[in-house]
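To keep things clear, I will list the structure first and then write my remarks on it.
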Amino acid sequence: MSRVIRPLLVAGNDKLSAGVFHFDIPAVLTCPGRSKLCVSRCYARRGRFAFPQVQERLAWNYAQSKRADFVELMADELYRKGILLCRWHVAGDIYSPTYARKMLEVIGRSPHCTFWFYTRSWRVPTIFPLIRAIAVMPNVRVWLSGDSETGYPPEVPDGCRVAWMQTEVGEDTENADLVFLDRPLRRLALPLLDKVCPTETPLGKERGTSCATCRLCWTG
-12 MSRVIRPLLV AGNDKLSAGV FHFDIPAVLT CPGRSKLCVS RCYARRGRFA FPQVQERLAW
48 NYAQSKRADF VELMADELYR KGILLCRWHV AGDIYSPTYA RKMLEVIGRS PHCTFWFYTR
108 SWRVPTIFPL IRAIAVMPNV RVWLSGDSET GYPPEVPDGC RVAWMQTEVG EDTENADLVF
168 LDRPLRRLAL PLLDKVCPTE TPLGKERGTS CATCRLCWTG
């Protein structure tokens, strides 16, 4: 009888699209750069993420990420499945320097795959140099996440761009490359800028825009 191998990666939802895979770990617990504001608005603490089976998967992934052979397991799965697009952390973030080094190695061993992620761990001095190292790799796009509590990153290294979580009308988004609207703002008739994630705009929803059709986050 063949052995069933539990996957680390799962295919995306309607927003990401099925062609995009992602690796996730528990929110908040693994977010050392978090702000009180982002915790209060975090989508990965509610909805389907609250289901016991989802929480169990996140906890299992977290345990796998601490294994000595995590890099080999991830790189092997990415290669075996022919995964071309992978998002790190629909839930969770870069929780330690050791984990960041593992991410860097997985990305380096998987040149066939394009990766991207958003992170507030730029706020952690021991992790930020590793984010900088990851960002110069040719097959990854790094987004430094911010909000009105964190402010903008004081340094945006080569290969990094800034993603902003807007929670109030009138926030300064001039220095952001991409804006994610808090859910209540999506219902307001706001003047929409080109930098607002199109999956959160009326026109984007009308067109059925997904990450796979937009592509900004891994090509921009």
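The sequence shown begins at -12 in the numbering used here and counts up one residue at a time. Glycine included, every Cβ here is placed at the ideal spot set by N, Cα and C.
Thinking residue i and residue j are a contact (beta carbons under 8 angstroms), I'd like their distance in whole angstroms, please.
i	j	result
Thr17	Asp80	6 angstroms
Arg35	Val41	6 angstroms
Asn48	Ile94	In fact, because the Cβ distance is near 17 angstroms, the residues do not count as touching under 8 angstroms.
Arg107	Ser132	5 angstroms
Phe267	Cys73	Since the displayed the chain opens at -12 and closes at 207, residue 267 lies outside it and no answer follows.
Ile121	Leu91	5 angstroms
Trp75	Phe38	Not quite, the Cβ-Cβ distance comes to about 21 angstroms (not below 8 angstroms), so this is no contact.
Could you have a look at residue i and say whether DSSP puts it in helix, strand or coil?
i	result
Met(-12)	Its pLDDT being 40, under 50, Met(-12) is placed unreliably in this model, and the coordinates cannot settle the point.
Leu(-4)	coil
Phe38	coil
Arg128	strand
Val149	strand
Cys201	helix
Gly195	coil
Leu165	strand
Leu15	Just to set this straight, residue 15 is Val in the shown sequence, not Leu. Here Val15 sits in coil by DSSP.
Val26	helix
Val183	strand
Give me the residue from the options with the minimum Cα distance to residue i.
i	options	result
Cys100	Ile(-8), Arg(-7), Thr206	Thr206
Val(-3)	Pro141, Glu64, Thr137	Glu64
Glu161	Leu168, Leu(-5), Leu71, Lys182	Lys182
Gly20	Ala199, Asp134, Trp75	Asp134
Leu172	Glu155, Val123, Tyr105	Glu155
Glu208	Trp109, Ser22, Arg74	Because the chain is modelled from -12 through 207, residue 208 falls outside the range shown and cannot be assessed.
Phe104	Pro84, Thr200, Leu(-5), Phe10	Phe10
Ala46	Lys89, Leu(-5), Lys68	Leu(-5)
Arg54	Arg119, Cys198, Thr85, Asp159	Thr85
Ala199	Val111, Gly6, Arg110	Gly6
Ile70	Lys89, Pro98, Ser83	Pro98
Arg67	Ser197, Leu24, Gly195, Ile(-8)	Ile(-8)
Ala50	Ala62, Ser197, Tyr82, Trp109	Tyr82
Indicate, with yes or no, if the ligand GDP has a heavy atom lying under 7 angstroms from the CB of residue i.
i	result
Val26	Annotation note on the ligand GDP: not contained in the displayed structure, which lists no ligands.
Can the beta-carbon of residue i be found less than 8 angstroms from the beta-carbon of residue j?
i	j	result
Val149	Tyr139	yes
Ile114	Ser52	no
Ala14	Ala78	yes
Arg96	Val58	yes
Leu117	Ala87	yes
Arg28	Met152	yes
Pro185	Cys201	yes
Gly157	Val123	no
Arg119	Pro144	yes
Check whether the Cβ of residue i lies closer than 8 angstroms to any Cβ atom in chain D.
i	result
Arg170	Absent from the structure: chain D. Only one protein chain is present.
Taking only runs that begin and end inside the segment 62 to 122, name each unbroken beta strand (DSSP E) of 3 or more residues, in chain order. 72 to 75, 101 to 106
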